[in-house]
Structure formats: C-alpha cells, structure tokens
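Quick notes on the structure that follows.
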Ligand code: HEC
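Numbering (our numbering), first residue to last: 18 to 325.
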C-alpha cells in the first residue's frame, strides 16, 4: 500500500499519455468551473457537483505532477466516467431532478475532453505497467531533479488557471468579480456610440458567440438592461442581443416574441406561476428584488430585442 503511494518515475511513453490525459482532465475541469459561474451554481446539487468536478480535476492533476501516477489514474477515470454518465443522464432520465436537452459548445467540449481522458489514462496506465504500482527501481531522491522544476512550474500554472476558474476569476457570472459586460458601460457611456458599441461577451471564453454583431437596440436604457441581463440572466438563457448562450432556461429569442409585458413581468418576478414545457419549475430564481424601474426597463428591453 505504502509502495503504491510513494513517488514513482515513469518511462517517456506512459508519461506522455498521462500528461495528455491530464490536459483533457484540465479542460473538463475548467469547463465545469466556467459553467458553474455561468449559472449552474443556482442549480441544486448539480451546481455543487460541477464545483467538485473542477476541484477534483485540479487535485488529480497535481497528484500526477507530484509523481503519484496511480492516484492520478484512479482520479482521472473516476472523474471522467462520472462526468460522462452525468451528462448522459441529464439528457435522458434526468439527474437530481435536472434535465437538459442537446449539447451546446460547452457541453460538447466537456464531453469530448472527458471521453478523451479515458483512453489516454488507460493507455498510460497500461504502458506504465508495474511501474505504476511502484515496482522496479525505486525513485532515487535527487537523481531526477532535472524535471523537478518543470513539474513545479506546471503545478503552479495549473493551479492558477484551474483555481482561478474555480473561484470565478474573470467569469462573468461570478461574484468575486464584477461582470465584465457593459457593467461600467451602462453607467459611464451615454448614447454617443451611434451603433451601440458592441459590448464584450460576458466572459472571455464565450468563443461560440460572434463578437461582431452589434446589439439590436442601443441607448443608455438598453445598455443598462443588457448589463442587468448579462449579470443576472445570461447564465441560464440564450439572448442574441446580450450574446448569451445559457441553456438552463428557454431560449428567450424563441419564447419572448408575442408575449405581453404583463406576462413577461410575471415570468421574471414569479417564474413558477406558469412554466415552459420541458423546463421544470423551481429552477429559475424569482427576481422580486429588482426595482420597479429596473423591471420595467428589462421587460421593455426583452420585448424590443426579440421583436421579429
Ligand atoms: C438559474 C437559471 C435561471 C436564471 C438565472 C434565470 N432564469 Fe429565466 N428561466 C429559467 C428556467 C429553468 C425557466 C423555465 C421554467 C420557468 O418558467 O420557471 C425560465 C423561464 C423564463 C421565462 C419564461 C419563458 C417561458 O417560455 O415561459 C422568462 C421570460 C425568463 N425566464 C426570463 C428571465 C430573466 C429576465 C432573467 C434574469 C432577470 C432570468 N430569466 C434568469 C432559468 C433561469
């Protein structure tokens, strides 16, 4: 047992495979942390699991860098299998009362990363053979310090990137940082930008949203509402004008057109009064904390930008 937990040195091939697996685990963990701060933190149990996935991914990778390949293999397989099973369950039978449909860019990337991690991890474990269990020449302390520095650097980089994502640095929905979108723009800019300067996407990683389509509605009120939407709603709802791609709730470009202002207001303040087909109640928090003016503006904004 102790032998299994002792540091071991692996040959180049298993090292390469396991490092590749670690990259896949890092991508999966990063995506989970990102999505957590983009709205999933609001979803009971699932949100917590997203956070645990990201933290587990980070720890697992650090174990590999600390020369504990066996523990890495166990962690990597556990996280990847668990994640894939959960992804599939949420799209079929539901998991902890949570259901989703389809795979958007983030779900797809997560799935591919976790799918890649499994064969890479297994391949690395098989290539390592007995060395994984600490058989063979014990690691002589001090002998292989050549790559020691590289391991430390890698550990620091991974910790900063993944750890940052976990605590929500730079994630639009996180509360550790003000939302990047028009947050300041709403208060400082006026109607001077004729075409309504394109606000940056709510998080730097929103790679799947075109950055160059100008918002449909401009002006200070629209900017304010767009900022509010990006801050409070974007994690769960798709809305082209706010460049959001959330999928926990319905696509607002699809469902809002034709809806009266009174109905929209009720949707926001008392979301469970009437819920959309295929979207379970209790998921959307009620936004009864919004001020009267904010609410009126938000409703007008939504009606305006979804007008067809
Ligand atoms: C945690 C995720 C989440 C957040 C945050 C969220 N929503 Fe929702 N929203 C949902 C879900 C799920 C539904 C569908 C179930 C329901 O109607 O309650 C929904 C439904 C709606 C509907 C009704 C759609 C329909 O077809 O009936 C509107 C409108 C809406 N949301 C607007 C907003 C606005 C505006 C905000 C921000 C102030 C917001 N939502 C924030 C998850 C969310």
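Note that CB positions come from ideal geometry on N, CA and C, so glycine has one too.
Can you give me the Cβ contacts of residue i inside the same chain, cut-off strictly under 8 Å, excluding the 5 residues immediately before and after it?
i           : result
residue 305 : 286 and 287
residue 132 : 97 and 101
residue 276 : 284 and 320
Just the C-alpha distance for residue i and residue j, rounded to the nearest angstrom, thanks.
i           : j           : result
residue 266 : residue 53  : 15 Å
residue 25  : residue 74  : 20 Å
residue 273 : residue 44  : 34 Å
residue 110 : residue 102 : 11 Å
residue 247 : residue 51  : 15 Å
residue 289 : residue 310 : 22 Å
residue 261 : residue 172 : 33 Å
residue 178 : residue 122 : 20 Å
residue 106 : residue 237 : 43 Å
residue 282 : residue 243 : 16 Å
residue 308 : residue 71  : 35 Å
residue 180 : residue 65  : 16 Å
residue 127 : residue 49  : 8 Å
residue 268 : residue 296 : 11 Å
residue 141 : residue 182 : 27 Å
residue 303 : residue 254 : 14 Å
residue 27  : residue 167 : 15 Å
residue 96  : residue 317 : 44 Å
residue 93  : residue 82  : 13 Å
residue 76  : residue 46  : 10 Å
residue 134 : residue 149 : 17 Å
residue 325 : residue 62  : 38 Å
residue 298 : residue 145 : 49 Å
residue 300 : residue 170 : 41 Å
residue 184 : residue 99  : 22 Å
residue 279 : residue 245 : 19 Å
The ligand HEC heavy atoms versus the CB of residue i: any closer than 8 Å?
i           : result
residue 238 : no
residue 63  : no
residue 276 : yes
residue 51  : no
residue 324 : no
residue 293 : yes
residue 241 : no
residue 300 : yes
residue 273 : yes
residue 265 : yes
residue 56  : yes
residue 281 : yes
residue 284 : yes
residue 252 : yes
residue 132 : no
residue 68  : no
residue 249 : yes
residue 121 : no
residue 89  : no
residue 289 : yes
residue 304 : yes
residue 245 : yes
residue 296 : yes
residue 30  : no
What residue does the alpha helix (DSSP H) around residue i start on, and which one ends it?
i           : result
residue 107 : 86 to 107
residue 138 : 122 to 145
residue 177 : 165 to 184
residue 75  : 63 to 82
residue 311 : 309 to 322
residue 110 : Per DSSP, residue 110 belongs to no alpha helix (DSSP H) and is neither H nor E.
residue 31  : 29 to 54
residue 242 : 237 to 249
residue 270 : 269 to 272
Once you ignore the five residues that flank residue i on each side, which residues in its own chain have a CB closer than 7 Å to its CB?
i           : result
residue 137 : 34, 37, 38 and 41
residue 124 : 104
residue 85  : 22 and 24
residue 78  : 39, 42, 43 and 175
residue 270 : 255, 256, 257 and 323
Would you say the beta carbon of residue i is closer than 8 Å to some non-hydrogen atom of the ligand NAP?
i           : result
residue 317 : This structure simply doesn't include the ligand NAP; it includes the ligand HEC instead.
Using a Cβ-Cβ cutoff of less than 6 Å, which residues in the same chain neighbour residue i once the five nearest sequence positions on both sides are dropped?
i           : result
residue 252 : 55, 56, 190 and 263
residue 90  : 138 and 142
residue 130 : 41, 44 and 45
residue 88  : 80
Are the C-beta of residue i and some C-beta of chain C separated by less than 9 Å?
i           : result
residue 108 : Considering every chain present, this structure includes no chain C. It has just one protein chain.
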